[in-house]
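Line order of the protein sequences matches chains H, V and U.
Just so we're aligned, residue -16 is where the first sequence starts under our numbering, counting upward by one.
Just so we're aligned, residue 68 is where the second sequence starts under our numbering, counting upward by one.
Just so we're aligned, residue 122 is where the third sequence starts under our numbering, counting upward by one.
See structure below.
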Amino acid sequence: MQELEQAVNRSVRVIPQGEGRVTIEKDLSSEEMILNMGPQHPSTHGVLRLECKTDGEVVTEAEPYLGYLHRCFEKHAEVVDYPGIVPFVDRMDYLAAMNSEFAYCIAVEKLLDVEIPRRVEFMRVIVSELNRIASHLVAIGTYAIDLGAFTPFLFCFRDREHIMSLLEWASGARMLYNYIWIGGASFDFPPGFKERTAEFVNYFRPKALELQRLLTENEIFVKRTKGIGMMPPDVAVNYGWSGPMLRGSGVEWDLRKHDPYSIYPELDFKVCVPDGKHSDIGDSLSRHLVRAYEMVESLSMIEQCLDKMPDANGFDPRSAIAKRIRPKAGEVYGRAENPRGELGFYIVSDGKSTKPVRCKARSSCFVNLSAMKELSMGQLIPDLVAIIGSIDIVLGEVDR
Amino acid sequence: MEESQGTIGQSAVVEASRAAYAIIREKFADAVSEFDANPTMPFFEILDTSRWSEIALFMRDNASLRFTYMACLSGMDYPEDAKLGIVCNLESLGEHGHRIAVKVKCDRDGGAIPSVANVWKTADWHEREAFDMYGMLFTGHPDLRRILCPEDWEGYPLRKDYEVQENYHGIKVPY
Amino acid sequence: MGLLDAKISNHNVLVTSVDNVLNWARLSSLWPMGFGLACCAIEMMATNASNYDLERFGIFPRSSPRQSDLMIVAGTVTMKMAERVIRLYEQMPEPRYVLSMGSCSNCGGPYWKHGYHVLKGVDRIIPVDVYVPGCPPRPEALIGGLMKVQELIRMEQIGISRAEALKKLEEKSFDPGIVLEHQRKSQAVS
């Protein structure tokens, strides 16, 4: 028997059946196949190419190839003056345009001697949190549709339309706003905006609960995302992860709390970290849960801002904006908490020109995606789709 | 934010960075430059580039420093000195809370900087991007090739003297 | 419905031309390969979703080029992506239409001057039938562009080339302002 076992190949198993009989089982021979997912693919959230080395259905390695949406943001930032960079910043992470503008303006304002009016600070936070909800809605909706659930996608986009009409009312555009300017904002809130926003907050609270019952507690969704794409917290920090990705691995780190900017120190909110009861900490379901909880936290933040905001009384949000933005010589790394993580701007100014010498955008999705190779080892191809969806990438920010 | 509160907050940050710098200076003496205590981004420069990965490992693993999180690694072009360089923003996330920036420079033509991709995995793709945009080499990088531009792109786009190529695979590039 | 020359006799026989039936069939179920690249893709998704529902026009997005007859190029085309766009266009079976959505695919958009890696307009590599301006175009604008594609399909005939159909579309196109003006005047009179 032993000689028989040793004499055969590793992929063949010899199972003794008693009475001197054996069953010989032979695996189908398999070899590694290189499969391309993308750049045009319904579930890669944009033009991302994943080169997967697969052994059957199991992926041994999936390497992302980027650059299909490289739109030369950093080159434009060196030839366009400081206020003119704001529309380009919008178009990087187009789902969270207000948050991106906020991060950029904070970075430049560190080099300027400008006092932002208090009402503008509240306006900025309200639109940023509204945009955070909108961005998470897209993240959740597209994640659901990747996994085959069509209805949550429609529900999310229906609710997102309300936010987009609010932001269109304030800024003039549905998606790429150019609203938060260096030193202020472009327009004040129109009369009635505060009341409509409060109406929206009351409308959306039960909808978030509905989404939770429809999707988050759905057995199929949980089975497809629980335990998939595990990332331990220290490896996550070493990769440079931030935002919901890092909080999904259990690290309590939110720039709004731990490196606060604007009026966030005055707001009362908690950092959403999964408790491990519904999901394994560090898997895709945890990251999804962080986003779902964050939407509800943003609602309470908006309510607090609406209460504390000073009244208009003929206020001009452009009052603190200088005619020529000429920051003093120096360099700064300014950052803010985007819905996808930490968006940072490393800006070098020479003090004489109205254009930056260097403006590097440290994008959250670029860094989050770099861990894809490690996360994908040993997963099945459908699980790969679940992992990409949980990373919530926006290729405009990855490729800039 | 109150003006005085802002400056107090800022100088506390600078002092924390200075304390961290002091530990590095003690160990590596002349391999690092003096501390630049500017209020917006305190930094120091690595003068002996060959020791950069050693210093990086020390910064990450030393118990009082614990710079576990690399926020950003940006490439830079210094045309007046004919040098290229990188600027790293490091932070001790959730532990000591201090942060610091490090600058490393190299020559423009054929210059090389040791790679820190094995110290902070963030640096892997950031160094590839710096190589793509500026052209400096990173010695010891596991996979140094262009990441954003196509593999056969000519030139290094973010250099100050970059000229766009006329044609790429038969397609006209300028407007 | 657009069956212009239909006459129904008492035996439920419809008399029309083959071109009309084919064109009606094609325009009522335009299946786009939504080639969503950047920000315009999100507006395209929003147009497909509940508020501006595109399904009521028969437009159902397909992922594969082999099963689609319209390619909506939504977003910036970069040099790296350009070759893939050509390949996808060639994979589409005829009759195929191309709608360029947004400034970036029309002419390079905000990146036209300094964007070294941006293709200045997707019409440099594939023939475009309809351009929809905007950055990003509103969903209503996209629906207007799709209706223009439907009008183009109405102009098609067996035996004429696409260029001739486009020319017919231009000639037949009119400024709706003239019709409205006329209506207003006639209402004012009466």
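We put the CB at the ideal spot given by N, CA and C, even for glycine.
The stretch 324 to 342 of chain H touching the stretch 48 to 67 of chain H, judged by at least three CB pairs closer than 8 Å: yes
H/I264 - containing alpha helix (DSSP H), residue span: No alpha helix (DSSP H) contains H/I264, which DSSP labels as neither H nor E.
Residue closest to H/L194, alpha-carbon to alpha-carbon, out of H/Y126, H/R239 and H/N221: H/Y126
Unbroken beta strand (DSSP E) run spanning H/R341, endpoints: R341 to R345
Closest Cα partner of H/M16 within the set H/L31, H/I(-2), H/I7 and H/T43: H/T43
Option in U/F156, U/L220, U/V251 and U/P257 with minimal Cα separation from H/A156: U/P257
U/M192: contacting residues in chain V (beta-carbon distance under 8 Å): Under the 8 Å cutoff, chain V gives no residues; its nearest Cβ is about 18 Å from U/M192.
Chain U within 7 Å of H/P22, Cβ atoms only: yes
Three-state class that DSSP yields for H/E325 in the structure shown: strand
Where V/H58 falls, given that 16 or more other Cβ within 10 Å makes a residue buried: The displayed coordinates of chain V run from 68 to 242. Any statement about residue 58 of chain V would go beyond what the structure contains.
For U/I246, the three-state DSSP class (helix, strand or coil): coil
Between the CA atoms of H/S154 and H/R74 - distance to the nearest angstrom: 16 Å
V/S71 at chain H interface by Cβ criterion, 7 Å: Here V/S71 scores only 43 on pLDDT, less than 50, and its place in the model should not be relied on; the value that follows carries that caveat. Closer than 7 Å: no.
Three-state secondary structure assigned by DSSP to H/W224: coil
The stretch 209 to 232 of chain U: positions lying closer than 7 Å to chain H by Cβ: L209, P231 and Y232
Chain V contact for H/V315 (CB, 7 Å cutoff): yes
Where H/G212 sits in the DSSP three-state scheme: coil
Span separating the alpha-carbon of U/K293 from that of U/R275: 11 Å
Residue environment, H/R318, which counts as buried when at least 16 other CB atoms sit within 10 Å: buried
Below-7 Å beta-carbon distance, U/M200 vs any chain V residue: yes
Of the listed residues V/P146, V/S182, V/F110 and V/A149, nearest to H/R315 (C-alpha basis): Note on identity: in this sequence residue 315 of chain H is Val, with Arg being the wrong assignment. With distances taken between Cα atoms, H/V315 lies closest to V/F110.
Minimum Cβ-Cβ distance from U/A203 to chain V less than 7 Å: yes
Three-way DSSP call (helix, strand, coil) for U/Y232 in this model: helix
Proximal residues, the stretch 158 to 185 of chain V versus chain U, C-beta separation under 8 Å: none
Residue-chain proximity (U/Y252, chain V), Cβ-Cβ < 7 Å: no
Endpoints, the alpha helix (DSSP H) within which V/A190 is located: T189 to Y201
Paired residues, beta bridge with U/A195 - DSSP: U/G157 and U/M222
Short Cβ contact (7 Å threshold) for U/A286 with U/E277: yes
DSSP-derived helix/strand/coil call for H/G167: strand
Inter-stretch contact at 8 Å, needing at least 3 Cβ pairs: the stretch 209 to 218 of chain U / the stretch 164 to 184 of chain U: no
8 Å CB neighbourhood of U/L125 in its chain, flanking five on each side removed: Confidence at U/L125 is low in this model, with a pLDDT of 49, below 50, so the placement of that residue is unreliable and no value is reported for it.
Interface flag, H/N221 vs chain V, CB-CB below 7 Å: yes
H/D171 and H/F298 closer than 7 Å at C-beta: yes
Contact with chain U by V/I238, beta-carbon distance below 7 Å: yes
Helix, strand or coil at H/M158 [DSSP, three-state]: coil
Which of helix, strand or coil DSSP assigns to H/T37: strand
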